[in-house]
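Below: one structure, written as structure tokens.
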Amino acid sequence: MESAAKLCEQTPGPAGRYGHSSLFCPTGFLVLLSFYALHHNPNVWPNPEVFDPSRFAPDASRHSHAVLPFSGGSRNCIGQHFAMNELKVAVALTLLRFELAPDPFRIPVPTPRIVLMSKNGIHLHLRKLL
């Protein structure tokens, strides 16, 4: 996994050896990175299955490419900033008006795809705040 992460930090170039890796990629070789595997790698994230928001605090130390929800480097997602701002507004407006609680009888069943999805959806109970 660490070798794959090193490859992803490189810009596309001719066949050869990349960075500090001993891997050799011939011309036309397809290299894929599993974002799910990267984001759940215990070598990158201690206790990767535990929800720990402090990992993303401004003063938290981590590699700049340890989390790649929008890819990274010079070819990252052009809509990254718009998507993050849109998400913040949607979450803020929802939390301003509702209290959310997970449905204890319909627990999401994660299925890794290009993006993480749930086979059965994510079911919440919403209670309107006064």
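Heads up, the working numbering is the position in the sequence shown plus 4, with the first residue counted as 1. Beta carbons are placed, not taken as given, at the ideal position from N, Cα and C, and that holds for glycine.
Query: Complete runs of the beta strand (DSSP E) confined to the stretch 45-109 [at least 3 residues]; Result: 102-106
Query: Through-space distance from Ile82 to Pro57, alpha-carbon basis; Result: 25 angstroms
Query: Endpoints, the beta strand (DSSP E) within which His129 is located; Result: Leu128 to Lys132
Query: Where Leu99 falls, given that 16 or more other Cβ within 10 Å makes a residue buried; Result: exposed
Query: Cβ neighbour criterion (16 or more within 10 Å) applied to Leu42; Result: buried
Query: Own chain partners of Ser122 with C-beta closer than 8 angstroms, once the 5 adjacent residues on each side are dropped; Result: Pro112, Val113, Pro114 and Thr115
Query: Whether Arg110 touches Leu133 by CB criterion (9 angstroms); Result: no
Query: Selected residue, minimal CA-CA separation from Leu130, among Pro73, Glu53, Pro106 and Ser38; Result: Pro106
Query: Given Ser38 as reference, the closest of Val71, Thr31 and Ala87 once Cα atoms are compared; Result: Val71
Query: Distance, His67 Cα to Pro50 Cα; Result: 13 angstroms
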